[in-house]
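Read the structure below first, then the notes.
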Amino acid sequence: MKTLVIGASPNPLRYSHKAVKRLREYGVEVVAIGKRETTIEDVEVIKGLPELFDVDTVTLYVGPANQKEYIDYIISLKPRRIIFNPGTYNRILEGYARDAGIECIEDCTLLMLSSGDY
1 MKTLVIGASP NPLRYSHKAV KRLREYGVEV VAIGKRETTI EDVEVIKGLP ELFDVDTVTL
61 YVGPANQKEY IDYIISLKPR RIIFNPGTYN RILEGYARDA GIECIEDCTL LMLSSGDY
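Structure follows, in structure tokens:
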């Protein structure tokens with residue numbers, strides 16, 4: 001199960017950083033996209049929109065105002081679901097996703113992992 005984290009930060013205090021680490025602790029394959037190329041433990045954070053296959057989940061850590069460049073990209077990946085973490089919900093993206101048959105969840109990736117709902 002591959003998860004794409006959009007908005008990954010090198011700052012260990014950011015939730016996106018914590019999510020990358022926690023996903024890896026749970027054995028999830030992670031691809032991370034951020035503003036800067038860096039690493040979070042064993043995960044390379046890359047810039048841009050890489051060609052990816054077999055993405056199960058996209059988890060968002062960028063607000064709606066910064067999601068525009070990602071909408072078509074996310075839909076093209078055909079993930080099973082998109083997790084809108086707190087502060088990231090975007091009704092436009094949700095509309096496109098639902099039209100494409102993608103499940104949309106407003107929740108917190110970290111809490112989902114802790115509760116076993118991931």
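Here the sequence shown is numbered in the working numbering, starting from 1 and rising by one per residue.
The beta-carbon is built from N, C-alpha and C at its ideal position, and this holds for glycine as well.
Quick caveat, the model's predicted, so the values are computed rather than measured.
> F84 bridges to which residues according to DSSP?
Replying inline: L60 and E106
> Which residue from S9, L23, N11 and L13 puts its Cα closest to that of D116?
Replying inline: It should be noted that the sequence gives Gly, not Asp, for residue 116. When only C-alpha atoms are compared, the closest one is L23.
> By how many angstroms is the C-alpha of K78 removed from the C-alpha of A100?
Replying inline: 8 Å
> For I82 versus I74, is the C-beta distance shorter than 8 Å?
Replying inline: yes
> Which partner residues does I46 have in the DSSP bridge list?
Replying inline: I33
> Taking the C-alpha atoms as reference points, what is the distance between R36 and E25?
Replying inline: 23 Å
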